[in-house]
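So the protein lines, in turn, are chains E and Y. So for the first sequence, the working numbering puts the first residue at 17; every next one is plus one. So for the second sequence, the working numbering puts the first residue at 6; every next one is plus one. Ideal Cβ placement from N, Cα and C applies to all residues, glycine included. Just so it is clear, the structure is predicted and the values come from calculations on it, not from any experiment. In what follows, a single structure is set out as C-alpha cells and then discussed.
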Amino acid sequence: MAETLLKVAGLQAWYGESHILHGVDFEIRRGELVTLLGRNGAGKTTTLRSIMGILGKRTGSIAFEGRETIGMTSDHIARLGIAYCPEERGIFSSLNVDENLRLPPVVKPGGLSIEEIYKLFPNLLERRHSQGTKLSGGEQQMLAIGRILRTGANLLLLDEPTEGLAPVIVQRIGEIIRQLKSRGFTILLVEQNFHFAATVADRHYVMEDGRVIDTVASSDVQQSIGKLQSYLGV
Amino acid sequence: MFELLGIPPQALFGQLLLGLINGAFYAMLSLGLAVIFGMLNVINFTHGAQYMMGAFAAWLLLGILDVPFWASLVLAPIIVGLFGIVLEKLLLKRIYHLDHLYGFLLTFGLALVIEGLFQWKWGSSGAPYPNPIPGGFNLGFMFLPTYRGFVVVAALVICLATWYGIERTKLGAYLRAATENPTLVRAFGINVPRLITLTYGLGVALAALAGVLAAPIQQVSALMGVNLVLVVFAVVVIGGMGSIMGSIVTGFGLGLVEGLTKVFYPPASNTVIFVVMALVLLIKPAGLFGQTK
C-alpha cells in the first residue's frame, strides 16, 4: 500500500464567527483519487480551502508528506506541492489564456510542460491569446485545471470541476482526470455530481455538518448505493 | 493662422512645451498612484510629499556628499522607495481591510507630517538645484532648453518602461492577477504581501524619480508637491483609477490642454483640468480608460 500523502485529523475551521468544520478526519495515499461527497453546506469546499490555508482560523492537524501545515500561510503550503483549482475557477480577466496558464510558479520538478498541457487541452492552444474570461465555461474549467499541472504539485485539489457544464464536457473532464491519475497525480475531488464521482474515484468520503461521517470504497459503491443516496439526498 | 488669432508662434510653442513638461510630471506621478491604487486599493495622498522627498534627496546628496545629478537619479528613488517600504510595513498594511477613508486619512496625515518636518528643518522658501545640462537649441520658431527636452524624453521612457513591466512581464502578470484575486494568487505559491510591499516601494520610487527630475526646473522646497498632487489626482480620476495607460495618456494630454489654455484664455489655466474632470465624470464615471467594476 502506498504511503499516506495527506492526513487530516480533527480539523476545525471558521469563517469569521461561523464554525464550519467540526473535526474532519480523512487521509489520502499517494496516487489515489479520493472524493469528498456531501450536500451543499456540508463543508467540502471549506475543507479544501482549509488544506490550502486560505481560511481565517483553523485548528487540528493537516499533514502533507508528514509535515504539519496548519500554521503555514497559503503560499508556503502551495510551495510544498499542493495545487488548488477553485470552484469559481478563478480565471484572471486581465490576463490572456497563455498568461493564465503560466501564472502559477513551478514549485517542484515533474510538472507538465506547456506543450503537454496544450496537447491535453487543444481548445486552449487555439485561444491562447484570448482574454481568460472570454472563454466558454468548459474552456475556463480546462484552463483552471491546466494551469495547476505545470507547477509540479503532486496533490491536486479540484473543487466541483463539472459544475454547470454540458454532459459532453463533463465526460471530457472525467477522461482528463483519469489521465492525470494514471500519470501519478494524487487528486482530492469535491463533487456534487455523484454519478461523475463514482466513475473516477478510488474512494469516497461522505461529509455532513462539517464532519466526515462515512467512507465508501469504489468497489462497494453498488452495495452502498441506497445509503449514499440517502446521505446525498438524491 | 497665429497672426489671425493674435498669438505669436513663440508664445504658443513655448506654452505647449511648458504644458508637455508639466504633463510629463503629471504622467509620472499619476502612474505611481495608479500602480499603488491598483494593488493596495489605497489612494496614496503621501505621493506629493514623496515627490518632494525625491527632490530633497537629490539636493542633499549634492550638497552634503557632492553626488552628481545622474547618480541621484538612481540613488534618490532607491532611498525614498525604501522609506516607502518601511511606511508600508509599519503603517499601511494595517489598514488594507478597512474602508478607503482610513487609507486617505493615514496617507494625508503622513503627507502633512512629512511636509511639516521638511518645512521646519529647511524652511519653505526653496533652494535652487543647478541645471545638469545647461544650454539649448534654437528650433527656429522657439528656443528649447536641453534639460527640459531631456525631462520630456526621460518621462516618456519611464512611463513606457513601467507600462511594459506591468503589461508584458511575468512580474507584471503577478501584479495584475493579485490585483484581481490576491487570495488565489497567494494559494499558487506567490508571496502576495511581499508583492504589495514592493509595489508600494516602486510607486513611491516613481514619485521620487519625478522629484529628482523636477529639482533643476523648480525650487526644491518642502511644499513643492502640495499643489501638484491635487492636479495629479484629477489626472488619475480622468484617466480611470488604476489604469496604467490611462495615467500616461491623460497626464501628457492634460499638460498640453493646460498649456493651450494658458495661451488662449490664461485665467482658466488653473481650473481647466478640474473642469475636464467634472465633464469626464459626467459622461464616463469610470474615467477615460477605466473599467467599471
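{"Item": "Nearest residue (CA-CA) to MET229 of chain Y, options Y:GLY28, Y:ALA54, Y:GLY37", "Value": "Y:ALA54"}
{"Item": "Chain Y contact for VAL50 of chain E (CB, 8 Å cutoff)", "Value": "no"}
{"Item": "Any chain E beta carbon closer than 8 Å to LEU189 of chain Y", "Value": "yes"}
{"Item": "Beta-carbon proximity check, ALA220 of chain Y vs PHE30 of chain Y, cutoff 8 Å", "Value": "no"}
{"Item": "Residue(s) in a DSSP beta bridge with LYS73 of chain E", "Value": "E:TRP30"}
{"Item": "Chain Y contact for LEU119 of chain E (CB, 8 Å cutoff)", "Value": "yes"}
{"Item": "Through-space distance from PRO187 of chain Y to LYS243 of chain E, alpha-carbon basis", "Value": "41 Å"}
{"Item": "Cβ-based burial, ALA182 of chain E [other Cβ within 10 Å; buried from 16]", "Value": "exposed"}
{"Item": "Any C-beta of chain E under 8 Å from that of VAL47 of chain Y", "Value": "no"}
{"Item": "Selection of the region 171–196 of chain Y by Cβ proximity to chain E, strictly under 8 Å", "Value": "LYS175, ALA178, TYR179, ARG181, ALA182, THR184, GLU185, ASN186, THR188, LEU189, VAL190, ARG191, ALA192, PHE193, GLY194, ILE195, ASN196"}
{"Item": "Range of the contiguous alpha helix (DSSP H) that encloses ASN143 of chain Y", "Value": "Here ASN143 of chain Y belongs to no alpha helix (DSSP H); instead the beta strand (DSSP E) covers 141–143."}
{"Item": "Chain-ordered chain Y contacts of ARG95 of chain E [CB-CB under 7 Å]", "Value": "GLY194"}
{"Item": "Rounded distance between the beta-carbons of GLU263 of chain Y and GLY37 of chain Y, thought under 8 Å", "Value": "Incorrect: roughly 20 Å between the Cβ atoms, too far for contact."}
{"Item": "Within-8 Å CB hit, ASP41 of chain E to chain Y", "Value": "no"}
{"Item": "CB of PRO120 of chain E within 8 Å of CB of ILE70 of chain E, strictly", "Value": "no"}
{"Item": "Straight-line gap, ILE243 of chain Y to ILE249 of chain Y (C-alpha atoms, nearest Å)", "Value": "12 Å"}
{"Item": "Residues near VAL85 of chain Y in its chain [Cβ-Cβ closer than 7 Å; skip 5 each side]", "Value": "GLN55, MET58, GLY59, ALA62, VAL209, ALA210, ALA213"}
{"Item": "Cutoff 8 Å: ILE70 of chain E Cβ touching any chain Y Cβ", "Value": "yes"}
{"Item": "Residue range of the unbroken alpha helix (DSSP H) whose run includes PHE278 of chain Y", "Value": "With the sequence shown as reference, residue 278 of chain Y is identified as Ile, and Phe is not the correct amino acid for it. Residues 277–288."}
{"Item": "For ILE201 of chain Y and VAL234 of chain Y, the rounded distance between their alpha carbons", "Value": "22 Å"}
{"Item": "Unbroken beta strand (DSSP E) run spanning THR231 of chain E, endpoints", "Value": "227–233"}
{"Item": "Residue range of the unbroken alpha helix (DSSP H) whose run includes TYR56 of chain Y", "Value": "52–70"}
{"Item": "Three-state class that DSSP yields for THR51 of chain E in the structure shown", "Value": "strand"}
{"Item": "Any non-hydrogen atom of the ligand FAD within 7 Å of LEU176 of chain Y CB", "Value": "By its list of ligands, the structure shown contains no ligand whatsoever, and the ligand FAD lies outside what it can speak to."}
{"Item": "Buried versus exposed, by CB contacts within 10 Å (16 or more), LYS175 of chain Y", "Value": "exposed"}
{"Item": "Local Cβ density within 10 Å of GLY87 of chain E, reported as buried at 16 or more and exposed below that", "Value": "exposed"}
{"Item": "Strand pairing of GLU172 of chain Y, partner residues [DSSP]", "Value": "The partner list for GLU172 of chain Y (beta bridge, DSSP) is empty, contrary to what the question assumes."}
{"Item": "Distance between GLU155 of chain E and GLU142 of chain E (C-alpha atoms, nearest Å)", "Value": "11 Å"}
{"Item": "The region 162–178 of chain E / the region 91–103 of chain E touching (three or more Cβ pairs under 8 Å)", "Value": "yes"}
{"Item": "Boundaries (first-last residue) of the beta strand (DSSP E) holding GLY172 of chain E", "Value": "According to the sequence as given, residue 172 of chain E is Leu; it is not Gly. Run containing LEU172 of chain E: 171–175, per the beta strand (DSSP E) assignment."}
{"Item": "For HIS102 of chain Y, the first and last residue of its enclosing beta strand (DSSP E)", "Value": "Per DSSP, HIS102 of chain Y belongs to no beta strand (DSSP E) and is neither H nor E."}
{"Item": "Helix, strand or coil at ASN27 of chain Y [DSSP, three-state]", "Value": "helix"}
{"Item": "Chain Y within 8 Å of TYR100 of chain E, Cβ atoms only", "Value": "yes"}
{"Item": "Nearest-angstrom Cα separation, counted from GLY194 of chain Y out to SER90 of chain E", "Value": "7 Å"}
{"Item": "ASN112 of chain E versus Y:VAL237, Y:LEU165, Y:ARG173, Y:GLU93, residue with shortest Cα-Cα distance", "Value": "Y:ARG173"}
{"Item": "Separation of ALA39 of chain Y from TRP168 of chain Y, as counted between CA atoms", "Value": "11 Å"}
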